[in-house]
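Asks: Here it is, the structure, as structure tokens.
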Amino acid sequence: MNIVLLEPEIPANTGNIGRTCVASNTALHLIRPLGFSTDDKALKRAGLDYWHELDVTYYDSFGEFTEKNEGAELYFATTKAGRTYADVSYGENAFIVFGKESAGIPEEILVEHRERCIRIPMFEDKRSLNLSNSAAIILYEALRQNGFKGLEKAGALHRLRWK
Numbered sequence: 002m003n004i005v006l007l008e009p010e011i012p013a014n015t016g017n018i019g020r021t022c023v024a025s026n027t028a029l030h031l032i033r034p035l036g037f038s039t040d041d042k043a044l045k046r047a048g049l050d051y052w053h054e055l056d057v058t059y060y061d062s063f064g065e066f067t068e069k070n071e072g073a074e075l076y077f078a079t080t081k082a083g084r085t086y087a088d089v090s091y092g093e094n095a096f097i098v099f100g101k102e103s104a105g106i107p108e109e110i111l112v113e114h115r116e117r118c119i120r121i122p123m124f125e126d127k128r129s130l131n132l133s134n135s136a137a138i139i140l141y142e143a144l145r146q147n148g149f150k151g152l153e154k155a156g157a158l159h160r161l162r163w164k
């Protein structure tokens, strides 16, 4: 799986998403400009000690991203979509694209990819969910549809054993 952040602005959100990506063996794609430095303390704090394990790729523009990932199975998360994230079938190598926190994905991109736009259902008068929460919701639905491949093993208790 792949998470794509188009011009993310808040380092803690990107750090949280990076941590989720490491825990789920998901690649993260960051499209500049970023609203922070990748050396930012908030980014590292949210990503804990996982950031060095993250499979992350940087791009200078959305055009560069699409050129380097030609033919990719793209889904665009937006509150404006007609279909929900649960209405589609995700392939094992799907790319789920999220826009910046303040504005989302530019409408020029959305109208070009209308059939690939998805949303998380919300009360109609609410603007949006937190970016890192949205990424986790949609990513884990995509992973569930693919049988949580590679994520089947449960963790162990620290002090006790299961009976």
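Heads up: the sequence shown begins at 2 in our numbering, then just goes up one per residue.
Glycine included, every Cβ here is placed at the ideal spot set by N, Cα and C.
Whose CA, out of TYR86, GLU65 and THR79, lies closest to the CA of PHE99?
Replies: THR79
Asks: Ignore the nearest five residues each way along the sequence and tell me which others in ASP56's own chain have a CB closer than 6 Å to its CB.
Replies: ALA28
Asks: Quick check on HIS30: buried or exposed, where buried means 16 or more other Cβ atoms within 10 Å of its Cβ?
Replies: buried
Asks: From SER103 to LEU132, what distance separates their C-alpha atoms?
Replies: 10 Å
Asks: With DSSP run on the structure shown, which of helix, strand or coil describes LYS188?
Replies: Only positions 2 to 164 of the chain appear in the structure, and residue 188 is not among them; the question remains open.
Asks: So, for ARG128: in the same chain, excluding its five sequence neighbours on each side, which residues have a beta-carbon less than 8 Å away from its beta-carbon?
Replies: THR80
Asks: How about ASN147 and GLU74: are their beta carbons less than 8 Å apart?
Replies: no
Asks: Between ILE138 and the rest of its own chain, which residues show a CB-CB distance below 8 Å, the 5 nearest in sequence each way excluded?
Replies: TYR86, ILE121 and LEU130
Asks: Let me check you understand the geometry: is the CB of ASN26 closer than 7 Å to at least one non-hydrogen atom of the ligand NAP?
Replies: The ligand NAP is not among the ligands present in this structure, which contains no ligands whatsoever.
Asks: If you follow the beta strand (DSSP E) that TYR59 is part of, which residue opens it and which one closes it?
Replies: 57-60
Asks: For TYR60, I'd like the list of residues in its chain whose CB is within less than 6 Å of its CB, leaving aside the five on either flank, ordered along the chain.
Replies: ILE32 and PHE66
Asks: Would you call the CB atoms of PHE1 and LEU35 closer than 8 Å?
Replies: Residue 1 lies beyond the range of the chain shown here (2 to 164); nothing can be said about it.
Asks: Comparing alpha-carbon positions, which option in VAL23, ASN17, PRO12 and ARG115 lies nearest ASP40?
Replies: PRO12
Asks: Out of VAL23, GLY16, HIS159 and LEU6, which has the shortest C-alpha to C-alpha gap to GLY151?
Replies: VAL23
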